[in-house]
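Input: a single structure, listed below in C-alpha cells.
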Amino acid sequence: PERLGPEELLEEVELQRCETARDLRMSRETCCRRELMENCLDAGSQHIAITVKGGGLKMLRIEDDGHGIRAADMPILCERFTTSKLRKYEDLTSIGTFGFRGEALASISHVAHVTVTTMTAADSAARVAQYTDGKLTSPVRPCAGTRGTTIVAEDFFYNNPTRRQALSKDSIEHNKVLEVIQRYSLHYPAVSFSCRKAGGAVAELHTPGPGAPGELPSTRDVVSVIYGQGLGRELFPFEFSSAEYKFSFRGLATGPNWTSKSGTFVLFINNRLVECSPLRRAIESVYAPVLPRHQHPWVYLALELDAATLDVNVHPTKNEVQFLNEGQIAESLQEALQTQLHKQGGSRTFAPMP
Ligand code: ADP
Ligand code: MG
Numbered sequence: 209p210e211r212l213g214p215e216e217l218l219e220e221v222e223l224q225r226c227e228t229a230r231d232l233r234m235s236r237e238t239c240c241r242r243e244l245m246e247n248c249l250d251a252g253s254q255h256i257a258i259t260v261k262g263g264g265l266k267m268l269r270i271e272d273d274g275h276g277i278r279a280a281d282m283p284i285l286c287e288r289f290t291t292s293k294l295r296k297y298e299d300l301t302s303i304g305t306f307g308f309r310g311e312a313l314a315s316i317s318h319v320a321h322v323t324v325t326t327m328t329a330a331d332s333a334a335r336v337a338q339y340t341d342g343k344l345t346s347p348v349r350p351c352a353g354t355r356g357t358t359i360v361a362e363d364f365f366y367n368n369p370t371r372r373q374a375l376s377k378d379s380i381e382h383n384k385v386l387e388v389i390q391r392y393s394l395h396y397p398a399v400s401f402s403c404r405k406a407g408g409a410v411a412e413l414h415t416p417g418p419g420a421p422g423e424l425p426s427t428r429d430v431v432s433v434i435y436g437q438g439l440g441r442e443l444f445p446f447e448f449s450s451a452e453y454k455f456s457f458r459g460l461a462t463g464p465n466w467t468s469k470s471g472t473f474v475l476f477i478n479n480r481l482v483e484c485s486p487l488r489r490a491i492e493s494v495y496a497p498v499l500p501r502h503q504h505p506w507v508y509l510a511l512e513l514d515a516a517t518l519d520v521n522v523h524p525t526k527n528e529v530q531f532l533n534e535g536q537i538a539e540s541l542q543e544a545l546q547t548q549l550h551k552q553g554g555s556r557t558f559a560p561m562p
C-alpha cells in the first residue's frame, strides 16, 4: 500500500473530516469544538470551564482539571497524526468511525493561534507552549499553573478571511458553542461544565458536576439546571437493548403535554455527539400524531453500537457514513417511545411506521 507523506495525509484527513461532518450535518467548526471538549473528557476531567470571545472565533479557552500532557509530548502535540497516531494509509479506516482521532489540535493550529498550558500530577510546575501550523513557535517554557490543561485558540481563520466571512454572525456562533457544551453536559452529568463570555461576570451555563460522594447528578438533574424544571419534570426515561443486533440505547423524552416549535434531538452514538437524520425522522413520526401540528418533542438519546457494526465507507470521495441495522434501531426506538407515550396518556392512534 502506498505511503502518504505528511502533507498528503493531512489533506486526506481534512477531506474526510469534511465528508464526515457533512454526513453528520455538523460544521467543521462544530467538530473542532466538540473534539476539544472530548479531549478534556478523555483526560478524565471533572471540571471543564470554557470562555468564549467573539463567538469563539476571536478566542476560545478551554480549561480542564484532567491528567495533563507529558513534557515529551509537547513539541509534537499539534502535529500528532504525522507522527505517532497515523502512520499509514490503512489507519485512515480506523478514524473513519466516529472515533477518528489525532487531528483536532493539528487542524485548529492551522487556522488559529494555539496556546497550551498543562501540568501533570508528576510535574512540579506547569508548562506553556504556542503553536502555529502544527508547530511550536517558541520553546516550551515553565510557568505557574495547576494540574490539568488549558487550551486557548485565538483569531480563527486569521489566515483565511474568506472562510472567516463565510461564518455566521458572532452571536450565532456563540450560541452554537453554548449548545455543544449544553449537550455534552447532558451526557456527562458527573462532570461540571461552565461557560462564560470573556469579561462576563456570570457564567451563562454552569452544571453542578460531582456532588457529595454517592450523590451523582442524573441527566434529568442537568436538564433541569440548564433548561429549567419545567422541562425536567416532563421527561420520561426509556431504554432498550438488543443482543441480536448488538446495540443498546437509553434516553429521556418529553410526553404529550410538552411541545416546542423547534424541537430538540440530542444524540450521542458511542459517547460522541452526532446528528442522524433517519433517527430524527423516526422520532418525529412517533410524535407527529400525538403533538399539535408544527410542534416537536425534546429527546435525548444515548446509543451504543458495536464498533464492528459501524459501516463506514472511508473513501474520501464517497460520502456515506452509515451504521448497520439502522432500520432495526429506528424501529426499536419508535417502539420504546410509543410504549412510554401510551403510558403517559398520549393515546391517539399512532401512524404506522414508514
Ligand atoms: P486525539 O485524537 O489523540 O485526541 P487531538 O489532536 O485531539 O488528538 O489531541 C492530541 C493529543 O493531545 C491527545 O492525544 C492528548 O494526548 C493530548 N491532549 C489534547 N488535549 C488534551 C487535554 N485537554 N488533556 C490532556 N491531553 C490532551
Ligand atoms: Mg482529540
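By UniProt numbering, the letter at position 238 of the sequence shown is numbered 446, and the numbering carries on one by one without gaps.
C-beta: ideal position from N, C-alpha, C; glycine also.
Problem set entry | Spatial neighbours of E447 in its chain, beta-carbon cut-off 6 Å, leaving aside the 5 residues before and after | Along the sequence shown, one-based indexing puts residue 447 at 239. Residues R458 of the same chain have their beta carbon placed closer than 6 Å to that of E447, with the five preceding and five following residues left out of the count.
Exercise. Is D250 near the ligand ADP, going by C-beta to nearest heavy atom under 7 Å?
Worked result: Position 42 of the sequence shown holds residue 250. Yes, Cβ of D250 sits closer than 7 Å to a heavy atom of the ligand ADP.
Exercise. Could you give the distance in angstroms between the alpha-carbon of E243 and the alpha-carbon of S376?
Worked result: Walking along the sequence shown from the start, residue 243 turns up at place 35. Walking along the sequence shown from the start, residue 376 turns up at place 168. The alpha-carbon atoms of E243 and S376 are separated by roughly 20 Å.
For this session: Could you check what DSSP says for L386 in three-state terms: helix, strand or coil?
Result: Taking the first residue of the sequence shown as 1, we reach residue 386 at position 178. Three-state result, L386: helix.
Exercise. Residue range of the alpha helix (DSSP H) that L268 falls in?
Worked result: Your numbering for residue 268 matches position 60 in the sequence shown. From DSSP, L268 is part of no alpha helix (DSSP H) but of the beta strand (DSSP E) over M267 to D272.
Exercise. Using a Cβ-Cβ cut-off of 8 Å (strictly less than) and excluding sequence neighbours within five positions of L439, which residues of its own chain qualify?
Worked result: By one-based count along the sequence shown, residue 439 stands at place 231. By the criterion of a C-beta distance shorter than 8 Å, L439 is surrounded in its chain by V431, S432, T462, W466 and W506, once the five residues flanking it on both sides are discounted.
For this session: Give the DSSP-derived three-state secondary structure of H550 in the structure shown.
Result: As a first step, residue 550 must be located in the sequence shown, where it is residue number 342. Three-state DSSP puts H550 in a helix.
For this session: Could you please give the first and the last residue of the uninterrupted beta strand (DSSP E) stretch that includes R480?
Result: In the sequence shown, the residue the question calls residue 480 occupies position 272. In the DSSP assignment, R480 falls within the unbroken beta strand (DSSP E) covering R480 to V482.
For this session: May I ask which residues mark the beginning and end of the beta strand (DSSP E) holding V445?
Result: Translated into the one-based positions of the sequence shown, residue 445 becomes position 237. A quick correction: the sequence has Pro, not Val, at residue 445. In the DSSP assignment, P445 falls within the beta strand (DSSP E) that extends over L443 to S450.
Exercise. According to DSSP, which residues form a beta bridge with R349?
Worked result: As a first step, residue 349 must be located in the sequence shown, where it is residue number 141. Answer is V336.
For this session: Output yes or no for whether 8 Å exceeds the beta carbon distance between L481 and E381.
Result: For the purposes of this step, residue 481 is taken as the residue at position 273 of the sequence shown. For the purposes of this step, residue 381 is taken as the residue at position 173 of the sequence shown. No, these two residues do not count as a Cβ contact at 8 Å.
Exercise. Is the Cβ-Cβ distance between T358 and T325 less than 8 Å?
Worked result: The residue given as residue 358 occupies position 150 in the sequence shown. The residue given as residue 325 occupies position 117 in the sequence shown. In terms of Cβ geometry, T358 and T325 form a close pair [threshold 8 Å].
For this session: Starting from E492, follow the alpha helix (DSSP H) in both directions and report where the run begins and ends.
Result: Stepping through the sequence shown from its first residue, residue 492 is reached at position 284. S485 to Y495 is the span of the alpha helix (DSSP H), which, as asked, contains E492.
Problem set entry | Alpha-carbon to alpha-carbon, D331 and C351 | If you number the sequence shown from 1, residue 351 lands on position 143. If you number the sequence shown from 1, residue 331 lands on position 123. C351 and D331: Cα-Cα distance of roughly 11 Å.
Exercise. How many Å lie between G471 and E492 at the Cα?
Worked result: As a first step, residue 471 is located in the sequence shown; it is residue number 263 there, counting from the start. As a first step, residue 492 is located in the sequence shown; it is residue number 284 there, counting from the start. C-alpha separation (whole angstroms): 10 Å.
Problem set entry | Chain-order list of residues whose beta-carbon lies under 8 Å from that of S400 (same chain, five-residue window excluded) | Within the sequence shown, residue 400 is the residue found at index 192, counting from 1. Contacts found: Q254, H255, I256, H414, T415, P416, G417 and P418.
Exercise. Hey, would you say H395 sits closer than 8 Å to N479, going by beta carbons?
Worked result: Here residue 395 corresponds to residue number 187 of the sequence shown, with the count starting at 1. Here residue 479 corresponds to residue number 271 of the sequence shown, with the count starting at 1. With contacts defined as CB atoms closer than 8 Å, H395 and N479 qualify as a contacting pair.
For this session: Out of I389, D341 and S540, state which residue places its alpha-carbon closest to the alpha-carbon of A411.
Result: Mapped onto the sequence shown, residue 411 falls at position 203. Residue I389 is the option with its Cα nearest to A411.
For this session: Going by CA-CA distance only, name the one from T340, S393 and E362 that's closest to A510.
Result: Indexing the sequence shown from 1 puts residue 510 at position 302. For the residues T340, S393 and E362, the minimum Cα distance to A510 belongs to S393.
Exercise. Can the beta-carbon of S402 be found less than 8 Å from the beta-carbon of I258?
Worked result: Looking up residue 402 in the sequence shown gives position 194. Looking up residue 258 in the sequence shown gives position 50. Contact: yes.
Exercise. Terminal residues of the continuous alpha helix (DSSP H) containing R371?
Worked result: Counting from 1 along the sequence shown, the entry for residue 371 is found at position 163. Looking at the DSSP string, the run of the alpha helix (DSSP H) that includes R371 is P369 to A374.
Exercise. Is it right to say R278 is buried, meaning 16 or more other beta carbons lie within 10 angstroms of its own, or is it exposed?
Worked result: For this step, residue 278 is matched to residue 70 along the sequence shown. With a threshold of 16 other beta carbon atoms within 10 Å, R278 falls short and is exposed.
Problem set entry | Three-way DSSP call (helix, strand, coil) for S393 in this model | Here the question's residue 393 lines up with position 185 in the sequence shown. DSSP places S393 in helix when its eight states are reduced to three.
For this session: Using the Cα positions of M282 and T345, report the straight-line distance between them to the nearest angstrom.
Result: On the sequence shown, position 74 is the one that residue 282 refers to. On the sequence shown, position 137 is the one that residue 345 refers to. C-alpha separation (whole angstroms): 12 Å.
Exercise. What do you reckon, are the CB atoms on A320 and E271 nearer than 8 Å?
Worked result: Start at 1 with the first residue of the sequence shown, and residue 320 comes out as number 112. Start at 1 with the first residue of the sequence shown, and residue 271 comes out as number 63. In this structure, A320 lies away from E271, with their beta-carbon atoms at least 8 Å apart.
Problem set entry | Residue closest to N368, alpha-carbon to alpha-carbon, out of P347, S317, P397 and Y339 | Locating residue 368 in the sequence shown gives position 160, counting from the first residue. Here the closest residue by C-alpha is S317.
Problem set entry | Any non-hydrogen atom of the ligand ADP within 7 Å of A314 CB | Your numbering for residue 314 matches position 106 in the sequence shown. True, at least one ligand heavy atom lies under 7 Å from that Cβ.
For this session: Using the Cα positions of L549 and K454, report the straight-line distance between them to the nearest angstrom.
Result: Here residue 549 is taken as the residue at index 341 of the sequence shown, counted from 1. Here residue 454 is taken as the residue at index 246 of the sequence shown, counted from 1. If I take the Cα positions, the gap works out to 25 Å.
Exercise. Do T472 and the ligand ADP come close, with the Cβ less than 7 Å from some heavy atom?
Worked result: As a working mapping, residue 472 is identified with position 264 in the sequence shown. Distances between the C-beta of T472 and the heavy atoms of the ligand ADP are all 7 Å or more.
Exercise. Out of curiosity, what's the CA-to-CA distance linking Q552 and P464?
Worked result: In the sequence shown, counting from the first residue as 1, residue 552 sits at position 344. In the sequence shown, counting from the first residue as 1, residue 464 sits at position 256. In this structure, the straight-line span from the alpha carbon of Q552 to that of P464 is close to 7 Å.
Exercise. Say the cut is 7 Å; is the CB of D273 nearer than that to a heavy atom of the ligand ADP?
Worked result: The sequence position of residue 273 within the sequence shown is 65, counting from 1. For the ligand ADP, not one heavy atom lies less than 7 Å from the Cβ of D273.
Exercise. Would E287 be called buried (16 or more neighbouring beta carbons within 10 Å of its own) or exposed?
Worked result: Sequence index remark: in the sequence shown, residue 287 carries index 79 (1-based). Result: buried.
Exercise. Mind checking residue 628: buried by the 16 CB within 10 Å criterion, or exposed?
Worked result: Residue 628 cannot be examined here, being either before or after the span of the chain that is shown, 209 to 562.
Problem set entry | Distance between beta carbons of V260 and K469, contact taken as under 8 Å | Numbered from 1 along the sequence shown, position 261 holds the residue referred to as residue 469. Numbered from 1 along the sequence shown, position 52 holds the residue referred to as residue 260. The C-beta distance from K469 to V260 rounds to 26 Å, too long to fall under 8 Å, and the pair is not in contact.
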